[in-house]
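Okay, so the sequence shown: first residue is 1 according to full-length UniProt numbering, each after it adds one.
Even glycine gets a Cβ: it sits at the ideal position worked out from N, Cα and C.
Note that the coordinates shown come from a computational prediction; the quantities given were computed from them, not determined experimentally.
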Amino acid sequence: MSRTQLHASSPVPRSREHITPVLCELHWLPLEYCNANRKLYPSKRFNHRQFQSFLREINSEFADIPYHNEVRWLSRGKVLNRVFELSKEICQFIESKGKDSTVLRDEKWKCEVAFLADITAHLNVLNFQLQGRDHMITDMYDAVKAFQWETQMHQCNLPHFPCCQVMLKQVSATVFPNAHFVDKLSALRTEFTRRFVDFEAQKNNFELLRNPFAVDVETAPVQIQMELIELQCNGTLRQNTTLQGPHSLFAPFLKQCPSSV
């Protein structure tokens, strides 16, 4: 059976089409301004060397800012985090070049950068969980559901947002737009629900894939009930699945699929 045939014959693999990196539409203005200011120093070799030398002179913890690749949006998280950590040094360097650093010193703007750096870091973690070999779609489903619950947990003073926690210690409660960020997290959770709505439609199938030995045969689809009974009565398969996980049940079928597809 080819990978295409396997995809067409099973209702569960079809949901793989929806396992894609999701980029939230949050605060692109701060990101664009970060990149615009970043071009002052690294875009030209002379300015880049000057900035590195400047960081060494002031004994900075960091030696540089990583390059942002437009093709790979995940690199933006690294840029944002480093820009936030080096915000003071960047302001000093920009001012030494005779440029205006008013926006970079604005407390509300720094809060926006902190929030975007933190939420992008969480999205990066989710993205890596959705990648890699030997992942079943149930693993991906669990990762997405966990992220949705995490965004709900984050809505209370953003406890797991380290950059935001730094800003909360530096600015007053009236300056830090906590309610605004809570709204953004709520919108992100809603967007995830919309994008992964097909996941919920396949929930019962996922349970069947995750542990077919625990599924109630009477509630299973009629067309697979007989096969499910035989499977659940197979002691060898039950033991192997307990020891090796549900992946062992599907490994023989995956080996039949062309590796190039």
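**Prompt:** My guess is that F199 and V144 are in contact by the Cβ rule of under 8 Å, so how many angstroms apart are they, rounded?
**Reply:** Along the sequence shown, one-based indexing puts residue 199 at 199. Along the sequence shown, one-based indexing puts residue 144 at 144. That belief holds up - the Cβ atoms of F199 and V144 are roughly 6 Å apart, short of 8 Å.
**Request:** State the CB to CB distance for the pair I90 and V79, rounded to an integer number of angstroms; the pair is presumed to be in contact (CB under 8 Å).
**Result:** Translated into positions along the sequence shown, residue 90 becomes position 90. Translated into positions along the sequence shown, residue 79 becomes position 79. With 8 Å as the limit, I90 and V79 do not qualify as a contact, their Cβ atoms being about 12 Å apart.
**Message:** Within 10 Å of its beta-carbon, does D118 have 16 or more other beta-carbons around it, so buried, or fewer, so exposed?
**Reply:** Your numbering for residue 118 matches position 118 in the sequence shown. Buried, because 16 or more other Cβ atoms sit within 10 Å of the Cβ of D118.
**Request:** Check T120 in the structure and name its three-state DSSP category.
**Result:** Indexing the sequence shown from 1 puts residue 120 at position 120. T120: helix per DSSP, three-state reduction.
**Item:** Complete runs of the alpha helix (DSSP H) confined to the stretch 143-188 [at least 4 residues]
**Value:** 162-170
**W109 versus P246: straight-line alpha-carbon distance, rounded** = Position 109 of the sequence shown, counted from the first residue, corresponds to residue 109. Position 246 of the sequence shown, counted from the first residue, corresponds to residue 246. Roughly 48 Å between the two C-alpha positions.
**Message:** Suppose you measure from the CA of L185 to the CA of L237; what does that come to, to the nearest Å?
**Reply:** For the purposes of this step, residue 185 is taken as residue 185 along the sequence shown, with counting starting at 1. For the purposes of this step, residue 237 is taken as residue 237 along the sequence shown, with counting starting at 1. Rounded to the nearest angstrom, the two C-alpha atoms are 43 Å apart.
**Asked** Cβ of F176 within 7 Å of Cβ of C233?
**Response** On the sequence shown, residue 176 is found 176 positions in, with the first residue counted as 1. On the sequence shown, residue 233 is found 233 positions in, with the first residue counted as 1. F176 is not a Cβ neighbour of C233, given a cutoff of 7 Å.
**Message:** Using a 10 Å radius around the Cβ and a threshold of 16 neighbouring Cβ atoms, would you call V113 buried or exposed?
**Reply:** To locate residue 113, count along the sequence shown from 1; it is residue 113. Flag for V113 reads buried.
**Asked** Could you give the distance in angstroms between the alpha-carbon of A146 and the alpha-carbon of L208?
**Response** Residue numbering aside, residue 146 sits at position 146 when the sequence shown is read from its first letter. Residue numbering aside, residue 208 sits at position 208 when the sequence shown is read from its first letter. Taking the straight line joining both Cα atoms gives about 19 Å.
**Request:** Could you work out which residue in N124, L123, V215, E107 is closest to C164 when comparing CA atoms only?
**Result:** Here residue 164 corresponds to residue number 164 of the sequence shown, with the count starting at 1. When only C-alpha atoms are compared, the closest one is E107.
**Asked** Count the other CB atoms within 10 Å of the CB of P212; is the residue buried (16 or more) or exposed (fewer)?
**Response** The residue labelled residue 212 in the question sits at position 212 within the sequence shown. By the Cβ neighbour-count rule, P212 is buried, with 16 or more other Cβ atoms within 10 Å of its own.
**Nearest candidate by alpha-carbon position, reference L86, set K97, G98, L104, D100** = To locate residue 86, count along the sequence shown from 1; it is residue 86. Measuring from the Cα of L86, the nearest candidate turns out to be L104.
**Prompt:** Grouping DSSP H, G and I as helix and E and B as strand, with all else coil, what is Q131?
**Reply:** Indexing the sequence shown from 1 puts residue 131 at position 131. If DSSP states are grouped into helix, strand and coil, Q131 belongs with coil.
**Request:** Just mark K39 as buried or exposed, buried being the case when its beta carbon has 16 or more other beta carbons within 10 Å.
**Result:** Here residue 39 is taken as the residue at index 39 of the sequence shown, counted from 1. Low confidence applies here, because K39 scores a pLDDT of 45, under 50, leaving its location unreliable and the question unanswered by this model.
**Item:** CA nearest to the CA of M136, picked from Q148, Q244, R210
**Value:** Against the sequence shown, residue 136 aligns to sequence position 136. For M136, the nearest C-alpha among the options comes from R210.
**Prompt:** Can you check whether the CB of R189 is closer than 7 Å to the CB of Q148?
**Reply:** Here residue 148 is taken as the residue at index 148 of the sequence shown, counted from 1. Here residue 189 is taken as the residue at index 189 of the sequence shown, counted from 1. Yes, the Cβ-Cβ distance between Q148 and R189 is below 7 Å.
**Prompt:** Secondary structure at V215, three-state DSSP: helix, strand or coil?
**Reply:** Locating residue 215 in the sequence shown gives position 215, counting from the first residue. In this structure, V215 counts as coil in the three-state DSSP scheme.
**Message:** Rounding to the nearest angstrom, what Cα-Cα distance links L168 and N127 in this structure?
**Reply:** Your numbering for residue 168 matches position 168 in the sequence shown. Your numbering for residue 127 matches position 127 in the sequence shown. Going by the C-alpha atoms only, they are around 28 Å apart.
**Message:** Taking only three categories from DSSP, how would you classify M136?
**Reply:** Within the sequence shown, the letter at position 136 stands for residue 136. Here M136 sits in coil by DSSP.
**Item:** First and last residue of the uninterrupted alpha helix (DSSP H) at G235
**Value:** On the sequence shown, position 235 is the one that residue 235 refers to. Run containing G235: 235-244, per the alpha helix (DSSP H) assignment.
**Item:** Minimum C-alpha distance to L116 - residue among K97, V171, S172, F181
**Value:** Here residue 116 refers to the residue found at position 116 when the sequence shown is read from its first residue. Minimum Cα-Cα distance from L116 among the listed residues K97, V171, S172, F181 corresponds to F181.
**Asked** Alpha carbon to alpha carbon, how far is F93 from Q170?
**Response** By 1-based counting over the sequence shown, the position of residue 93 is 93. By 1-based counting over the sequence shown, the position of residue 170 is 170. Going from the Cα of F93 to the Cα of Q170 covers about 22 Å.
**Request:** Label Q202 either buried or exposed according to how many other C-beta atoms from any shown protein chain fall within 10 Å of its C-beta, with 16 as the threshold for buried.
**Result:** Counting from 1 along the sequence shown, the entry for residue 202 is found at position 202. Buried.
**Prompt:** So which of Q152, A173, Q239 has the shortest CA-CA distance to A187?
**Reply:** Translated into positions along the sequence shown, residue 187 becomes position 187. Taking only the C-alpha atoms, the option nearest A187 is Q152.
**Exposure label - L158; buried when at least 16 CB within 10 Å** = Your numbering for residue 158 matches position 158 in the sequence shown. Around the beta carbon of L158, a 10 Å sphere encloses 16 or more other beta carbons of the protein chains shown; the residue is thus reported as buried.
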